[in-house]
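Shown next, in C-alpha cells, is the structure this report addresses.
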Amino acid sequence: MSEPASIRVYMTPLVETGVYGETVDVTQDVDVSDLIKSGGLGTLKRQLDFGDFDIGVYVFGDITLKCINYDGRFNDSSDWRSMFPYRRDLTKVEIKVISGEGVVYSRFKGLINDDATKQDYAKGEASIRVLSLDSIFRKNNVAGGAISNGNSFKSAIETILNVPEVTSILGYDVANIELGYNGTIDDASVFDQAIIKGALDDLLLASNAILYIDGSDNIIVTPRKERDTTHYFYGNDHIEGRDNIINISNYNNGTQRGFNTIKVNETVRTNDGWAEEYGVREKSFDLGFITNETTEEEIGDALLAEFAVPKPELEIEVSSFDAVQVDLLHKVRVDFDYMKRPPPGQDLLTLTGTATTGSAVTNTATGNIRIRPEQIFKVVGIEERPRQMITKLKLRQVGNLTSEGWA
Amino acid sequence: MAFDGQMKFLEPSMALLKNGATASASSNTAAAKYMLTMNRYIGWTSSGSDDTTTETITITLPSAKTVSSVFLLGVNFKEFTVKKQGSAEFTNVTGISGDLAGGITETAFTGNAAYYEFDATSVTEIVITATKTQTADEEKTCLAVLPSAPIGTFAGFPDLSEGIVLDRNEKRSQAITGRSVISKLVETASLRLRMRSYPEQNDVELIEKLFDRDIPFLVYPCGGNVSHFKVSQKGWRIGDVYQMQTRGNMPAGFKDNIYVLGVEKDIRMEEVV
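First to last, the protein sequences are chains A and B.
For the record, in the first sequence the residue sitting at position 363 is 716 according to the numbering used here, with numbers rising by one throughout.
For the record, in the second sequence the residue sitting at position 234 is 241 according to the numbering used here, with numbers rising by one throughout.
Written out as C-alpha cells, the structure reads:
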C-alpha cells in the first residue's frame, strides 16, 4: 500500500546569526507534522487584491500553527529542551502537500514571528505565528537617500528590493521586474526610512503591477496580465464525467471592482462611457511621491485601463490535489454547464447531433450558474484549507475590454 | 454455470474518457465517447441503423490493461459480439445466463445490461459488433462499456438491511407560502454494510482490502446473480453498478468480544467521482 496523501510541516531554525541549519531532520527540514494539533493548521491564503470592493497589490497570507508543546520543544532557545538552538524567531517554516503518488508540492513558506507567538500551559500548546516569506518587507526600512528625485518607478523598486535583508531570504533578479507603467518619481523623500512594504505598495499601485513570490522563492514583479499556464476544471455532472469542482460561490459580474474614475492626488481620470453605463465609481489614491500632473494622469489612465471594465469573478472550490500546481495569474478554464436531466418521459438525455429536429424534446436544465469553457479566467487568489484538503481559487476573467477573455 | 456468488467488487472501469480512453462507432461516432463515463443518462445511439446493418463500436483503452470482465449497460442489442483487439475472442466466458462457448456472442439477448467474466487477458481495444435489436429495426443504443477485473466476490451475506440507498440530492427551499420548491439533482448511491458474527474469512479480507484502497472501486450489488430475488428493484438489477469508495472508520471486533466467534464489522460506501 503506497503512502497515503498528506500535509507535512517542516521547520529549519537558525543555528547562528543569519545561518540556518543544514543537517536534514536535525536542524534542517525537521518534520514537526505529528506535533501540529488537528485543526491547528489554519487557512493558507494568497491574493492579489485586498477584498471584493477594492484594488490593491498583494495580500500575503500569514498563518498560526497550534503546536503540541507538552515537552517544551517549541519554547524559545532559552529553554534547554527547545528545538531552536539559536532563536525561535525567523525559523523557516515550510508546508508541503504530498499526493497519493508520492509527489511533493510546496504550498507555503514563511518565517516564525516571535512577536505574535504565545504559549498556553493548560492546553500544552504553543501558538506559533508564521509570516509568509515576504514578511521581510514588513521588518525593514528603505535606507535614507536610496531613492532620488527623477528615479524611474522601476529603478526605485529594484533599489528597494536589492538589499541584503531581502536577498538573504528571497531570490532577486532584475529580469523579474516588469511594470505596467514606468513613471518618474518627483519627491523621493517620501521613501526615506519608510517600511519597505508601504513603499512597495505605493510604487506597485502607481506602476499598475503586482508582486508575488514564486515557487522557487524568487521575487516576481509583473503587470496583472495572466501567465501562460492553463488549468481546467469541470463540474455539475459534467457530460464527459470529468467533475472536479466541489462548489462555485461568489459569482458576480465584477461591477464592484469596476472603477471608472481614478483620482490620483487631485488629478481625476474618467472613462465616460462606463461611468454613464454604471454610474461614477471612483477610487482615489494619495501618492506623495508624485507631484507632476502629467504623471498623475498617466497613472490614472493605466489604472483605468485595468479596472474600468467590470469583469466577472467567481470562486471555485476544488480538491487541493487538483490545485497543487495552480499559481497566481495562471489561466483557468471552467466547464460548468446547467445540470441536464432527461425531459419528462425519457430515461436518457437528448443529445445534440443525434436528436431529430421536430420530434426530440430538449433536456431539463437546472442550476443558477453556468460557466462556459470558452471563458478565460486568471487566478487572483488562492485559499487552501489543509484540514479539508480543499482549495478555493478566486478567479477573474482576463482582459481589459469586454471582447477580451474569450477563447 | 451462471454466477452463484453474492455482491461483487471490481476495479474501476479501465476505459474512462477522463483517463484518456477513446471510442468510435460506425455511425454517430461523435457520441461514442459517452459510453466511457459512469453517467447513467447519456450514451451512444446509432444513426440510420436497422436489423440489416451491423454497427461496430471500438473502445480504445489508454494503455494495455489486464481485463477479466466487462459490463455493457443500457443496451438494446439482441444479436452482438464483444471481442478484443485483432478480432480475438475472450476465453472461458461466463455471462448472466451461464457459460458461453467461443467467446462473447449473443444471438437472442434480452434485458438491458450484460456482464461477462473471462480469462484475464491483455486488452488495448474492445470491439463490439451489433446487428439486431430486441425490438426489430430500432436504432442501437449503449449507455456504457466498462472493462474491468474482479477484486473479489462475497461468499456470504453481510447485513445490508438499509439497502442500497439512492439519493436524488435535491435542493429544497421552503417559500413564504409554506410550499416547498424542490429541485432534484443527480442520483447517487450509498450503502452501509455490517458483518454480524460473520464467519467468512474471504469476505472479511475483501472488506479490509477495499478499506485500504486509495482509489475507488466498482460495487456490483447483485453480483450478476439474480436468482436470489423474487422482485426486481433499483440498486440490485443486472445493470446497477456503482463507482464507490469507503467512508468513515471501520471497527474491527468480535461477537460479544469472544474471539472464537465471528467478526463484527461496519463500513459505509458511497458513490464517488
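Every residue gets a Cβ at the ideal spot worked out from N, C-alpha and C, and that includes glycine.
| query | result |
| --- | --- |
| In DSSP terms, what methionine 364(A) is bridged to | Val383(A) and Val446(A) |
| Per-residue burial, phenylalanine 689(A) [other beta carbons within 10 Å of its own, 16 or more giving buried] | buried |
| Nearest candidate by alpha-carbon position, reference leucine 532(A), set Leu464(A), Thr648(A) and Ala559(A) | Ala559(A) |
| Nearest neighbour of threonine 36(B), chosen from Arg244(B), Trp51(B), Asn119(B) and Glu194(B) [CA to CA] | Trp51(B) |
| Nearest to glutamine 240(B) (by Cα), restricted to the options Leu173(B), Arg201(B) and Asp263(B) | Leu173(B) |
| Where asparagine 46(B) meets chain A, residues with beta-carbon distance less than 8 angstroms | Asp590, Ile592 and Gly594 |
| Cβ-Cβ separation, leucine 514(A) to leucine 486(A) (assumed contact under 8 angstroms), whole Å | Leucine 486(A) to leucine 514(A), Cβ: 13 angstroms. No contact. |
| Beta-carbon gap between isoleucine 158(B) and leucine 68(B) smaller than 8 angstroms | no |
| C-alpha distance - glycine 105(B) paired with methionine 276(B), whole-angstrom precision | 30 angstroms |
| Nearest neighbour of isoleucine 724(A), chosen from Asn535(A), Gly395(A), Leu667(A) and Gly536(A) [CA to CA] | Leu667(A) |
| Buried or exposed (CB count within 10 angstroms, at least 16 for buried), aspartate 48(B) | Per the sequence shown, residue 48(B) should be read as tyrosine rather than aspartate. Burial call: buried. |
| Cβ pair count under 8 angstroms reaching 3, the region 551–565 of chain A against the region 459–476 of chain A | no |
| Other residues of its chain near leucine 748(A): CB distance less than 8 angstroms, five sequence neighbours each side excluded | Glu666, Leu667, Glu668, Ile669, Val685, Val687, Phe730, Lys731, Val732 and Val733 |
| Assigned exposure category for phenylalanine 406(A) - 16 Cβ within 10 Å defines buried | Confidence is the limiting factor: at phenylalanine 406(A) the pLDDT is only 48, short of 50, which leaves the residue's position unreliable, though a coordinate-based value still follows. Phenylalanine 406(A) is exposed by the Cβ-count criterion. |
| Touching by the beta-carbon criterion (3+ pairs, under 8 angstroms), the region 563–571 of chain A and the region 626–633 of chain A | no |
| Within chain B, the residues that leucine 746(A) reaches when beta carbons sit closer than 9 angstroms | Going along chain B, no residue has its Cβ under 9 angstroms from leucine 746(A), so there is no contact; the nearest lies around 18 angstroms. |
| Three-state secondary structure (DSSP) of valine 527(A) | helix |
| Close-in-space but distant-in-sequence residues of the same chain around arginine 254(B) (CB under 6 angstroms, 5 per side omitted) | Arg275 and Glu277 |
| Three-pair Cβ contact test at 8 angstroms for the region 119–137 of chain B versus the region 59–77 of chain B | yes |
| Endpoints, beta strand (DSSP E) assigned at lysine 15(B) | 15–17 |
| Pick from Ala151(B), Asn264(B) and Val279(B) that is closest to glycine 81(B), judged by C-alpha positions | Ala151(B) |
| Cross-chain neighbours of methionine 827(A) in chain B, by beta carbon under 8 angstroms | Summary: the structure shown does not reach residue 827(A), with chain A confined to residues 354 through 760, and so no result is reported for it. |
| C-beta atoms of glycine 568(A) and serine 459(A) nearer than 8 angstroms | yes |
| In chain order, each beta strand (DSSP E) run of at least 3 residues that lies wholly inside the region 423–476 of chain A | 440–451, 457–465 and 471–473 |
| Nearest candidate by alpha-carbon position, reference cysteine 420(A), set Val483(A), Gln400(A) and Gln381(A) | Val483(A) |
| Chain-ordered residues of the region 38–65 of chain B with a beta carbon less than 8 angstroms from chain A | Ala38, Lys40, Tyr41, Leu43, Thr44, Met45, Asn46, Tyr48, Ile49, Gly50, Thr52 and Ser54 |
| Straight-line Cα distance separating tryptophan 759(A) from glutamate 579(A) | 13 angstroms |
| Members of the region 177–191 of chain B that neighbour chain A once the beta carbon cut-off is set at 9 angstroms | Lys178, Ser190 and Lys191 |
| Listed by chain order, chain B residues near proline 695(A) by CB distance under 7 angstroms | Tyr48 |
| Proximal residues, the region 14–38 of chain B versus chain A, C-beta separation under 8 angstroms | Leu23, Leu24, Lys25, Asn35, Ala37 and Ala38 |
| Limits of the unbroken beta strand (DSSP E) element including serine 129(B) | 120–140 |
| Beta-carbon separation (whole angstroms), valine 270(B) vs methionine 202(B), contact threshold 8 angstroms | 6 angstroms |
| Segment contact, 8 angstroms Cβ cut-off, at least three pairs: the region 138–156 of chain B with the region 76–96 of chain B | yes |
| Beta carbon proximity, aspartate 221(B) to chain A, threshold 8 angstroms | yes |
| Cβ-based burial, arginine 399(A) [other Cβ within 10 Å; buried from 16] | buried |
| Delimiting residues of the beta strand (DSSP E) encompassing aspartate 605(A) | Before going on, a small fix: residue 605(A) reads as asparagine here, not aspartate. Run containing asparagine 605(A): 598–605, per the beta strand (DSSP E) assignment. |
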